Amino acid sequence: MQLNDQIKTVIEGSTKILVHEQSLTSKVPPQDMPFFNPKAKLSRDLSIIAYSAFLKNFEGPKTFLDSMASLGARGLRVANEIKNIKVFVNDLNPSALELARRSADLNGLKNFETSENEVCQFLSAFSKRGCRSTIVDIDPFGSPSKYIDCGVRATLHKGLLSVTATDLQVLHGIFKDACRKKYYGVPIKTTYSNEISTRLVLGLVNMVAARLDAEITPVFVETNMHYYRIYVRVLNRPDTQNAIGYIIHCRTCGHREASSEPADCRLCGSKTEHAGPLWIGKLFEKEFVSSMQGEITDTADKKCAKIIERCLAESDMPACYYTLDEIAEMNGSSPIPMVQVLKRLQEDGFLSSPTAFNPTGFRTDATINKIREIFSS
Ligand SMILES: [Zn+2]
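The opening residue of the sequence shown carries number 210 in our numbering; numbering runs sequentially from there.
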């Protein structure tokens with residue numbers, strides 16, 4: 210492949226990224242050239258914001274490992290847009306790394322190194338005490354399950370691990386056995402399946418970390434049509450908190466909740482369906498999300514502020530959101546505007562918030578019966 214053929218410069222954030230022209234125009238990723246997805250800018254913007262928020266309160270040398278970097282878009286941005294950090298990007302494709310190095314030169318980066326290695330071999334070089342990285346990113350095509358072990362091992366005590374999953378069919382239960390094999394748990398089909406999927410990914414990371422005498426604390430998660438992405442703090446201590454359990458869902462009355470064990474519906478007594486085992490703890494750390502608000506730059510996608518605002522609002526809310534449409538359908542009525550639902554719930558003494566998981570989703574501690582009553586009043 211001729212590297213100089215049709216190379217274009219894309220500016221994302223304040224970083225120049227060299228990409229093949231074809232990756233900007235074709236809908237299907239070109240197979241024989243380094244992958245770049247221009248639509249992933251939002252995800253990269255959010256990661257710059259999350260990493261900046263994390264590093265603000267971090268003392269000591271700062272490093273970032275991008276284990277599946279392709280042409281290095283995320284790593285280049287971290288190296289260029291975050292101060293005093295050393296970035297290592299790894300990929301198996303030498304022409305992707307060549308492009309990454311040329312982009313690094315274009316941005317005048319001296320804190321950017323490339324590595325051509327298998328993912329776990331790359332991460333293993335950082336897994337000894339004293340060599341571990343402040344932030345580690347795992348961003349594969351498909352499931353990240355194969356890489357969680359080496360990812361956790363390469364992350365410093367109190368460091369940050371970010372993981373993307375794009376095998377949404379598996380996580381949504383189209384291949385249940387595959388999901389059990391890769392994530393140790395199974396999903397169920399609901400209106401809030403993206404939350405269940407995110408919790409399955411967190412459940413996997415938690416279980417692998419526990420095996421390695423480490424514990425995770427989710428600080429931020431993000432979902433999209435094409436991927437789910439989690440950010441967890443990794444703490445090397447064996448007294449792992451028990452935040453693994455089940456999401457139980459009642460098809461009879463619509464009740465849903467997180468629970469340590471599968472159980473019958475506590476509202477109507479019916480048998481329930483359950484997803485899990487999965488992560489039933491918090492998805493967001495309120496203080497962390499709040500500090501992300503201070504890191505939104507002018508060049509970030511306008512959606513970032515809205516997403517972070519919603520995450521902050523839902524950070525202390527119960528698991529399992531509801532959607533306006535499903536309640537309206539249950540009641541045979543038309544949907545009520547979100548602001549009204551949230552207001553009426555609060556007026557009746559309940560907690561309520563929107564959710565970043567779904568534009569028509571909301572969280573509350575009110576029961577389904579109470580929610581339906583509000584919808585029909
Ligand atoms: Zn029920």
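Where a beta carbon is used, it is the ideal one built from N, C-alpha and C, also for glycine. All values derive from a computational prediction rather than experimental measurement.
- By the Cβ criterion, the stretch 503–510 is not in contact with the stretch 361–376, since fewer than three pairs of Cβ atoms, one from each stretch, lie closer than 8 Å.
- Relative to the non-hydrogen atoms of ligand 1, the Cβ of residue 381 never comes closer than 7 Å to any of them.
- In the three-state scheme derived from DSSP, where H, G and I count as helix and E and B as strand, residue 541 is classed as coil.
- Under a 10 Å Cβ-count criterion, residue 526 is classified as buried, with 16 or more other Cβ atoms of the shown protein chains found around its own Cβ.
- A contact between stretches requires three or more CB pairs, one per stretch, nearer than 8 Å, and the stretch 273–280 meets this requirement with the stretch 295–302.
- Excluding sequence positions up to five before and after residue 530, its CB lies within less than 7 Å of the CB of 401, 404, 564, 566, 567, 570, 571, 572, all in the same chain and listed in chain order.
- The stretch 424–463 contains, as complete beta strand (DSSP E) runs of 3+ residues, the segments 424–432, 437–444, 453–458 (chain order).
- Selection 338, 379, 336, 368 evaluated against residue 353 yields 379 as nearest (Cα-Cα).
- Relative to ligand 1, the beta carbon of residue 459 is positioned inside 7 Å of a heavy atom.
- CA-to-CA, the gap between residue 223 and residue 392 works out to about 37 Å.
- If you check the C-beta of residue 483 against ligand 1, you find no heavy atom less than 7 Å away.
- Inter-residue distance for residue 454 and residue 220 is about 43 Å (C-alpha atoms, whole angstroms).
- Its Cα nearest to that of residue 446, the residue 362 stands out among 512, 395, 362.
- With a beta-carbon spacing of about 6 Å, residue 253 and residue 286 fall inside the 8 Å limit used to define contacts.
- The stretch 497–504 and the stretch 250–265 touch, with three or more beta-carbon pairs separated by less than 8 Å.
- Proximity to residue 306 across 282, 350, 434 peaks at 282, based on C-alpha coordinates.
- Its Cα nearest to that of residue 489, the residue 528 stands out among 460, 528, 473.
- Look at residue 390 here: in three-state DSSP terms it is helix.
- DSSP places residue 487 in no alpha helix (DSSP H) but in the uninterrupted beta strand (DSSP E) bounded by 482–488.
- Counting other Cβ atoms within 10 Å of its Cβ, residue 242 reaches 16 or more and is therefore classed as buried.
- Across the set 340, 492, 471, the C-alpha of 471 shows the shortest separation from the C-alpha of residue 482.
- Excluding sequence positions up to five before and after residue 524, its CB lies within less than 6 Å of the CB of 493, 495, 498, all in the same chain and listed in chain order.
- For residue 430, same chain residues with a beta-carbon under 6 Å away, outside a window of 5 residues either side, are 407, 439, 492 in chain order.
- Straight across, the Cα-Cα distance linking residue 304 with residue 244 is about 11 Å.
- Annotated as distal: residue 428 and residue 443, with beta-carbon spacing of 8 Å or more.
- Within the stretch 320–380, the runs of beta strand (DSSP E) at least 3 residues long that lie entirely inside it are, in chain order, 321–325, 342–347, 364–374.
- Nearest to residue 236 by alpha-carbon distance, out of 248, 521, 456, 412, is 248.
- The beta carbons of residue 539 and residue 485 sit no closer together than 8 Å.
- 330 is the residue among 330, 457, 479, 578 whose C-alpha sits nearest the C-alpha of residue 357.
- Taking non-hydrogen atoms of ligand 1 into account, the C-beta of residue 529 is found less than 7 Å away from none of them.
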